[in-house]
Amino acid sequence: MPVLTYLWILPLLPLLGAAANGIFGGRWKKSIVTTVALSSTTLAFVAAVELVREFVALPTDQIPWTKSYFPWISAGGFRADFSLQVDQLTVTMLLVVTGVGWLIHIYSTAYMRDDPGYRRFFSYLNLFMFFMLLLVLAANYLLMFVGWEGVGLCSYLLIGFFFLKHSATNAGNKAFWVNRIGDFGFILGVLLILRTFGTLDFATVLPRAAAMPVEPAGQWGVLTTIALLLFVGAAGKSAQLPLYVWLPDAMEGPTPVSALIHAATMVTAGVYMVARSHVIFLNAPVAMQVVAVIGCLTALFAATIGLVQTDIKKVLAYSTVSQLGYMFLACGVGAFSAGVFHLMTHAFFKGLLFLAAGSVIHAMGGEQDMRKMGGLREKIPWTFWTMLMATLAIAGTPGFSGFFSKDEILLATQRASTPLWALGVLTAGLTSFYMFRLLFLTFCGAPRFDQRHVHVHESPRSMLVPLVVLAVLAVGGGWVAAPHLWGGVNYFEQYLAPVFSTAAEAPTAAAEPSGGATELLQALLGAPVIAGLVGFFFAWWFYVRSPQTPKKLAASFAPLYKLLSGKYFVDELYAAVIVRPLVWISDKVLWHVVDEGAIDGTVNGVARVSRESGDRLRQASTGNIRTYAAWVLVGVVVFTSLLLWMVG
Amino acid sequence: MKRGVRLDVDLNFSGGVVVPTSYYLLLSGVLFGLGVVAFVFKRNIITIFMSIELMLNAVNLAFVAFSRALGQLQGQVFVFFVIVVAAAEAAVGLAIIIVISRNRGTLNVERVDSLKH
């Protein structure tokens, strides 16, 4: 079992790629850079597949498979090893990360072909893969935190990739700072875990947490605190209310980065972490409710903003925030496997949507405003058809992957809480609307750009192949859970069951097949599908049938439209409440008073006192030897008398 | 070497008139004081140099006196060290004085005050 024994190979491969390209890439030809970057990710994917093969053969009592390689920190009673762990959840994440990551690497070789920062880009991207693999493979919270911070760093570097653009560096800083808030919560949670359980290993912490009594509502116990602190971290990383503001701005980065980091993998790290710590959350129902409500509200909130965005990537960004909200909703109602399932299908269809959007932008020569697109269907058919598949998937069209995962989440929510379910269904309708709006605005109708200047062209094959592969996955990726609908087995859930075994009492798990056909019918004619259809209908009505309607609507509901297109003015609110006071305090108090007054004052004061006293004392140095001799004499007399006085 | 000449120091000297230690110390103090006064008030470098020697020898005298009074040899040994150092110092010091005299054409310390700058 080579890969299971040497698990560190998996993260090491991209790290080597990043290091090689980062250190030597400057002297290499572009083709070598490409080879290094691609082969490291390809090998990582191959290793992941081989790992799955070995993992399947593993006896159940050896799962989770944990390997400790060396003691990392050992201080007093505290000990953290460099130890990696594989269980069903890890395997799912590994396949998503390496698989989608690999496809996006291939895509990037064409997308970034003419960029002067080609080598830097792939170095960062490989580094990201390394940290992401470390995050999902880590067997304790501390190592997970290393990966967690590492992906944040790579995200920052890649958002600010076009560092000459002021907006890009600002967006990078914003992402970094907002994530700091979340990470602060995460590290506090980790410290509290250490304090409570004395260790950070999943293998020890989780069973002990499971053994603790459930903390009922109204009783604020340590598990609730831990869970909420961890969720603060997850909300930062996975862009949930109120820390979602960085993700839309993160679209300043190159589009493959948006696809890989800000849609498919990194932003789902929060969901992964919550799923990993599900034991803690299950014993803290208050925290679960918070997760569910925040997730649901985020889903709705972001979807409404997405309705009126005009930048193709911004729509997708808000859509990502919204879908992440769904995942947290699933976790919050105890359907962790549904959440992870949606994480997987989302990685497929949202990765595809971003890549297709990148292809559109590529075809339009850098244009991102959907108002200046239109009628691209004939010119870039491959992009259109793959994007259509992804749109159908995210809109929850029966048969496509998003249908299965979203349906499961809403099913679980329905059993937990009707208001949340209603909001979830409403969000499903909104999702369908804004996605088809995007599709119609981009690909249908008459071209709204200057055809003499913009030469629309289909992307090269290395960009189209990942699109097609992801389209296949976006369509078919959900069928692993499909038989559930006609009373069969939900393979995905069954597969993850060992991980979430303690969540067995959670509503979704192995829902007793109550007359398969009814359930199928229920799902097909269920509210989410109807909501999706309504959304599609409105999108078609507004943007194909009578394109004048949106303008009229915007005019008649001007305040509402302004509120939505202004993104609820949350950025402005944060700027007014947090950023500006902070800048003011930094400027007026910390800079001019504390720094210049106290710190500089002390330092300069010491210097001035020395200089001025030196000036005075200098007068004593006449240069005349006899004066010095006299001083020596005086000194001797003084010290001798002192000595005599003290002794006597 | 004739018999009767005492080569070894009789630390328990007990013949003839005993000069009290305080006399030696008084002489040493007077010599040292003269050296100091000369060092501070004379202008000629050579004289200053000589006053240093005077002080050194005043100290030597005190050492020897104490050595005898306390019956210990260390004081005697120390005197030799002082003499050796004084010889070395004289060599270096005189060389410096010659250089100063050549460069400045004077031996007046009032004129050798460039340490100020």
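These protein sequence lines map, in sequence, to chains A and B. Mapping of the first sequence onto the working numbering: position 457 corresponds to residue 457, and the numbering continues sequentially without gaps. Mapping of the second sequence onto the working numbering: position 12 corresponds to residue 660, and the numbering continues sequentially without gaps. We put the beta carbon where it would ideally sit given N, CA and C, even for glycine.
1. For a cutoff of 8 angstroms on Cβ pairs, would you count L582 of chain A as touching chain B?
2. Leaving out five residues before and five after P71 of chain A in sequence, what residues of the same chain have Cβ atoms less than 6 angstroms from its Cβ?
3. Does the CB of T625 of chain A have a neighbour CB from chain B at under 8 angstroms?
4. Any C-beta of chain A within less than 9 angstroms: which residues of the stretch 678 to 689 of chain B qualify?
5. My output table needs one value for N692 of chain B: the three-state DSSP class, helix, strand or coil.
6. When you compare only the Cα positions, how much space is there between L564 of chain A and E408 of chain A?
7. Give the straight-line distance between the Cα atoms of L296 of chain A and T98 of chain A, rounded to the nearest whole angstrom.
8. Of the residues A:F301, A:A217, A:A317 and A:T310, which one's Cα is nearest the Cα of V290 of chain A?
9. Kindly list, in the order they appear in chain A, the residues whose Cβ is closer than 8 angstroms to that of V707 of chain B.
10. G374 of chain A: which of A:V544, A:K314 and A:P213 sits nearest, CA to CA?
11. With DSSP as the reference, label N708 of chain B as helix, strand or coil.
12. Report the residue from A:T268, A:M435 and A:I32 whose alpha carbon sits nearest the alpha carbon of F231 of chain A.
13. Between which two residues does the alpha helix (DSSP H) containing W65 of chain A stretch?
14. For V136 of chain A versus L94 of chain A, is the C-beta distance shorter than 8 angstroms?
15. What does the alpha-carbon distance come out to for the pair L353 of chain A and I187 of chain A?
16. For D161 of chain A, tell me which candidate among A:G535, A:Q619, A:T255 and A:F404 has the shortest Cα-Cα distance.
17. Shorter than 8 angstroms from the beta carbon of A620 of chain A to some beta carbon of chain B?
18. Just mark Q62 of chain A as buried or exposed, buried being the case when its beta carbon has 16 or more other beta carbons within 10 Å.
19. Compare the C-beta of L633 of chain A with all C-beta atoms of chain C and state if any pair is closer than 8 angstroms.
20. Closer than 8 angstroms, CB to CB, is A629 of chain A near chain B or not?
21. What is the residue span of the alpha helix (DSSP H) that Q414 of chain A lies within?
22. Just how far apart, CA to CA, sit F650 of chain A and H105 of chain A?
23. CA-CA distance, R415 of chain A and P213 of chain A?
24. If L704 of chain B and L682 of chain B are in contact, beta carbons under 8 angstroms, what's the gap, nearest whole angstrom?
25. Taking P207 of chain A as the reference, give the member of A:A576, A:T90, A:H278 and A:G424 with the closest Cα.
26. Taking DSSP's pairing of strands, which residues face F538 of chain A in a bridge?
27. Count the other C-beta atoms from every protein chain shown that fall within 10 angstroms of the C-beta of G332 of chain A, then say buried if there are 16 or more, exposed otherwise.
28. Could you check which residue in A:G399, A:L316 and A:F400 has the C-alpha nearest to that of R437 of chain A?
29. List, in chain order, every chain A residue whose beta-carbon is nearer than 9 angstroms to that of S676 of chain B.
30. Give me the chain A residues within the contact set of V740 of chain B, using Cβ-Cβ distance strictly less than 8 angstroms, ordered along the chain.
31. Can you list the residues of chain A that E737 of chain B reaches, using a CB-CB cut of under 7 angstroms?
32. Between the alpha carbons of N490 of chain A and G334 of chain A, how many angstroms are there, rounded?
33. Name the one or two DSSP bridge partners that N126 of chain A has.
34. Taking V730 of chain A and F328 of chain A to be in contact with their CB atoms under 8 angstroms, please state how far apart those CB atoms are, rounded to whole angstroms.
35. Using beta carbons (cut-off 8 angstroms, strictly below), is V760 of chain B in contact with chain A?
36. Using a C-beta to C-beta distance shorter than 8 angstroms, which residues of chain A count as neighbours of V757 of chain B?
So, to answer that:
1. Taking Cβ atoms only, chain B never reaches closer than 8 angstroms to L582 of chain A, which makes this a no.
2. Hits under 6 angstroms: D81.
3. Before going on, a small fix: residue 625 of chain A reads as Ile here, not Thr. Taking 8 angstroms as the threshold, the shortest C-beta distance from I625 of chain A to chain B falls below it.
4. So the close ones are V684, F687, V688 and F689.
5. If DSSP states are grouped into helix, strand and coil, N692 of chain B belongs with the strands.
6. The straight-line gap from Cα to Cα measures roughly 29 angstroms.
7. Checking the sequence, you will find Cys at residue 296 of chain A rather than Leu. Each residue's alpha carbon lies about 29 angstroms from the other.
8. Nearest in C-alpha terms to V290 of chain A, of all of A:F301, A:A217, A:A317 and A:T310, is A:A217.
9. Residues of chain A passing the Cβ test: none, with the nearest at roughly 13 angstroms.
10. By alpha-carbon distance to G374 of chain A, the top candidate from A:V544, A:K314 and A:P213 is A:V544.
11. The DSSP-derived three-state label of N708 of chain B is helix.
12. Nearest of A:T268, A:M435 and A:I32 to F231 of chain A, Cα basis: A:T268.
13. No alpha helix (DSSP H) holds W65 of chain A; the beta strand (DSSP E) holding it covers W65 to A75.
14. Yes, these two residues count as a Cβ contact at 8 angstroms.
15. Approximately 33 angstroms, taken between the alpha carbons.
16. The identity of residue 161 of chain A in the sequence shown is Phe, whereas the question assumes Asp. Answer by Cα proximity: A:T255.
17. With its beta carbon at least 8 angstroms from every one in chain B, A620 of chain A lies outside the interface.
18. For Q62 of chain A, the number of other beta carbons within 10 angstroms of its own is below 16, and it is reported as exposed.
19. Annotation note: the requested chain C is absent from the structure, which comprises protein chains A and B.
20. Chain B, which has a Cβ nearer than 8 angstroms to the Cβ of A629 of chain A, makes this yes.
21. It spans S401 to A416 - the alpha helix (DSSP H) in which Q414 of chain A sits, taken as one unbroken run.
22. Nothing about residue 650 of chain A can be read from this structure; chain A reaches only from 1 to 648.
23. Using only the alpha carbons, I get a separation of about 24 angstroms.
24. In fact, because the Cβ distance is near 13 angstroms, the residues do not count as touching under 8 angstroms.
25. With distances taken between Cα atoms, P207 of chain A lies closest to A:H278.
26. Partner(s): none; F538 of chain A has no beta bridge.
27. G332 of chain A should be labelled buried.
28. Here the closest residue by C-alpha is A:L316.
29. Near S676 of chain B there are no residues of chain A at all, since even the closest Cβ is about 15 angstroms away, more than 9 angstroms.
30. By Cβ distance, chain A contributes nothing, its closest Cβ being about 16 angstroms from V740 of chain B, past 8 angstroms.
31. Taking the beta carbon of E737 of chain B as reference, no residue of chain A falls within 7 angstroms; the closest one sits roughly 16 angstroms away.
32. Computed Cα separation, rounded: 16 angstroms.
33. Looking at the DSSP output, N126 of chain A sits in no beta bridge, so it has no partner there.
34. Nothing about residue 730 of chain A can be read from this structure; chain A reaches only from 1 to 648.
35. At least one beta carbon of chain A lies nearer than 8 angstroms to the beta carbon of V760 of chain B.
36. Neighbours of V757 of chain B in chain A, taken as residues at a C-beta separation under 8 angstroms, are given in chain order as N624, I625 and R626.
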